[in-house]
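Heads up, the thing below is written out as structure tokens.
In this note's numbering, the protein residues as written are 1 to 349.
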């Protein structure tokens, strides 16, 4: 019963097999080999336009490098107040940028409110005032609380960003789950809706360790290759990241795994909602489920082997927590089974 994080899941067999297939022999290093170039072309096919791809070791590195590529003197990056980049990356953005800061923007259940974003940007003067100058807007897709921005949501935020001449970044650590949930194309969710650059994650969705920065707008991120080199994120044996992405993006494996994770999350949500001792905090939209349980119930589940985490109360939560209750996060992955969920349901019953 491993619901702590999709990071806990293993690796899809197709991806492991492809790593083994490319393990022998030699290849040009530092991302300039035939396999690397084939994967770059595949990303362009996925996004339906020519893009630039830069591998990174982690999603945090991809986010921080993206911000470094968009940085300005006294830079301010605007994000949702509960965004991973703001609360979970230990100041990596500031470190990689040499001092840029995050400005939190409110919004219900993990999604930035466009009107609040407009007000937040207007707080900063556009003339190099001591408060700093806005440099970018970033959204998380899917969000930290399992909700998903619709295409219209992204376009509304992009409209505000464009009005203020700011590039829009998307933290796509769970991008596959968002695409699987909405059914729109990667192009529609990103550059066709105004996104300029995306941190594209594969690690949470069945890869060994594969993340990338994908530049969708050629007018941004011109120094990213140099910034990545300086940050120690240029892989010498990049073919082993490419080997993962080659399998990941073949025959829609990345979307099939994401759909499986989302379906397991839906089954998990139904199981919790039907239990006599638990209820959903809000409806899940991707592969994360948030439940309201008594602390006693949570302790019993964990003592029986279930792995999950307590979670803070997000903005926009309109439910009620009793004195002995808390919100807990359960995450499904491509490897989650119905047996795990049914066992959890038996314990809840």
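Every residue, glycine too, gets a C-beta built ideally from N, C-alpha and C.
Query                                                                                                                             : Result
Reduced DSSP secondary structure (H/G/I, E/B, other) of residue 240                                                               : helix
Any 3 or more C-beta pairs closer than 8 Å across the region 141-156 and the region 280-296                                       : yes
Residue 33 beta carbon near the ligand NAD (any heavy atom closer than 7 Å)                                                       : Looking at this structure, you won't find the ligand NAD or any other ligand, since it has none at all.
Cutoff 7 Å; reference residue 106; Cβ partners in own chain excluding five residues on either side                                : 81, 113, 116, 315
Pair within 8 Å by beta-carbon distance, residue 194 and residue 158                                                              : yes
Inter-residue Cα distance where the pair is residue 69 and residue 161                                                            : 17 Å
Sub-8 Å separation of residue 326 and residue 289 beta-carbons                                                                    : no
First and last residue of the uninterrupted alpha helix (DSSP H) at residue 249                                                   : Here residue 249 belongs to no alpha helix (DSSP H), and DSSP marks it neither H nor E.
Euclidean distance between Cα positions of residue 90 and residue 77                                                              : 15 Å
Whole alpha helix (DSSP H) elements within the region 15-89, 4-residue minimum                                                    : 34-47, 59-70, 84-87
Identity of the residues DSSP links to residue 104 by a beta bridge                                                               : 79
Beta-carbon contacts of residue 295 that lie in its chain and below 8 Å, excluding the five residues immediately before and after : 324, 325, 326
Coil, strand or helix - residue 348 by DSSP                                                                                       : helix
Simplified DSSP assignment, three categories, for residue 350                                                                     : This structure gives no information on residue 350, because the portion of the chain shown stretches from 1 to 349.
For residue 154: DSSP bridge partner residues                                                                                     : For residue 154, which the question treats as bridged, DSSP gives no partner whatsoever.
Supposed contact pair residue 205 and residue 334 - C-beta distance, whole angstroms, cut 8 Å                                     : 6 Å
DSSP-derived helix/strand/coil call for residue 373                                                                               : The requested residue 373 is not part of the displayed model; the chain covers only 1 to 349.
Limits of the beta strand (DSSP E) - the one that residue 294 falls within                                                        : 288-294
Of the listed residues 110, 200, 152, 137, nearest to residue 248 (C-alpha basis)                                                 : 200
Segment limits, alpha helix (DSSP H) that includes residue 168                                                                    : It is not in any alpha helix (DSSP H) - residue 168 instead sits in the beta strand (DSSP E) that spans 168-172.
Residues of its chain near residue 39, where Cβ-Cβ distance is below 6 Å and the 5 sequence neighbours each way are ignored       : 242, 245, 246
Contact set for residue 223: own chain, Cβ-Cβ below 7 Å, skip 5 residues either direction                                         : 69
Coarse secondary structure for residue 321, derived from DSSP in three states                                                     : coil
Buried/exposed call for residue 6, threshold 16 Cβ in 10 Å                                                                        : buried
Where residue 310 sits in the DSSP three-state scheme                                                                             : strand
Secondary structure of residue 160, DSSP reduced to three states                                                                  : helix
Buried or exposed by the 16-neighbour rule on C-beta atoms within 10 Å, applied to residue 34                                     : exposed
C-beta contact flag for residue 47 and residue 167 at 8 Å                                                                         : no
Own chain, CB closer than 6 Å to residue 217, minus 5 neighbours either side, in chain order                                      : 196
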